[in-house]
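Asks: Mind having a look at this structure? Questions to follow.
Here you go:
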């Protein structure tokens with residue numbers, strides 16, 4: 001049976017700041033992120049299975065990505081908790097803001113690596129994450145491919 005890749009796209013709004021960066025992005029700002037999640041697998045061949053012919057039900061993939069990424073990062077501010085930005089993060093938290101502290105600089109490159117780990121941990125055994133594309137603007141994005149990370 002052929003291996004098939006399927007892709008589902010998601011959108012969410014997230015703020016961040018890059019500590020120590022020397023450009024405009026050192027300031028707190030946000031993006032309307034677009035995340036494309038591509039998985040690979042073999043379509044189900046059991047005719048008695050309600051998901052016959054599917055690699056994975058798009059609804060099941062949506063549930064995983066929504067719980068692991070979208071619900072957590074949408075309308076949150078992400079800061080590197082290992083920098084002085086921790087003070088800003090704590091102040092925002094104390095005022096009721098949704099803040100996520102990570103142990104990395106919250107660039108698209110690092111976020112897509114984090115997202116890959118979160119998604120891989122939730123996929124069924126027979127489904128593999130093939131790639132992720134995290135787009136922060138119309139012309140700027142980071143991509144993660146499983147084949148590059150063996």
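Residue numbers (UniProt numbering): 1 to 150.
Positions of the beta carbon are idealized from the N, C-alpha and C atoms, including for glycine.
Please confirm if the segment 92–108 is in contact with the segment 116–123, defined as three or more CB-CB distances below 8 Å between the two stretches.
Replies: No: fewer than three Cβ pairs fall under 8 Å.
Asks: State the Cα-Cα distance for the pair residue 84 and residue 90, rounded to the nearest angstrom.
Replies: Distance between the alpha carbons of residue 84 and residue 90: 10 Å.
Asks: Ordered along the chain, which non-local residues of its own chain (more than five positions away) have a Cβ less than 7 Å from that of residue 141?
Replies: The residues are 108, 133, 134, 135.
Asks: Verify whether the separation of the beta carbon atoms of residue 57 and residue 51 is less than 7 Å.
Replies: For residue 57 and residue 51, yes; Cβs fall inside 7 Å.
Asks: So, for residue 25: in the same chain, excluding its five sequence neighbours on each side, which residues have a beta-carbon less than 7 Å away from its beta-carbon?
Replies: Result list for residue 25: 18, in chain order.
Asks: Write down the C-beta distance between residue 137 and residue 78 rounded to the nearest angstrom, noting that I regard them as a contact closer than 8 Å.
Replies: With a Cβ gap of about 16 Å, residue 137 and residue 78 do not count as contacting.
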